[in-house]
Amino acid sequence: MAKKSKIAKDRQRRIVVARHAERRAELKDTIRSPASTKQQRAEAQLALQRLPRDASPIRLRNRDAVDGRPRAFHRAFGLSRIRLRELAHRGELPGVSKSSW
Numbered sequence: 009m010a011k012k013s014k015i016a017k018d019r020q021r022r023i024v025v026a027r028h029a030e031r032r033a034e035l036k037d038t039i040r041s042p043a044s045t046k047q048q049r050a051e052a053q054l055a056l057q058r059l060p061r062d063a064s065p066i067r068l069r070n071r072d073a074v075d076g077r078p079r080a081f082h083r084a085f086g087l088s089r090i091r092l093r094e095l096a097h098r099g100e101l102p103g104v105s106k107s108s109w
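Note that the sequence shown covers residues 9 to 109 in the working numbering.
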């Protein structure tokens, strides 16, 4: 189980990323656009730098939905390898069964 403070911090970061996602996308489009002038690009870069550091999606960490474990995360299930194994053995994951050959 991850520390509750880490789970809460990650949750708060996800809120900040969602809040600033549209503005970040607009600024990045302006920076990348060949039609924008050097002045527009410079202003967009400054505006992007003024946004909160936690508004960048790079700062998010994939965590287990149940206990917040940050490592061995499976994107398809949103679970860590340990929780995935437990739930699969109990039959609580639809379509997942133990294989044998």
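Note that the Cβ used here is the ideal one computed from N, Cα and C, for glycine as well. Note that the structure is predicted; figures quoted are calculated from it, not measured.
Given residue i as reference, the closest of the options once Cα atoms are compared
i	options	result
residue 58	91, 35 and 105	35
residue 92	46, 109 and 71	71
Simplified DSSP assignment, three categories, for residue i
i	result
residue 59	coil
residue 13	helix
residue 2	Because the chain spans 9 through 109 in this model, residue 2 falls outside it and cannot be assessed.
Integer-rounded CB distance, given that residue j should sit under 8 Å from residue i
i	j	result
residue 101	residue 85	7 Å
residue 49	residue 39	5 Å
residue 75	residue 16	Between residue 16 and residue 75 the Cβ distance is about 14 Å, and since that is not below 8 Å, they are no contact.
residue 77	residue 90	7 Å
*So, do the region 11 to 31 and the region 48 to 68 have three or more beta carbon pairs nearer to each other than 8 Å?*
yes
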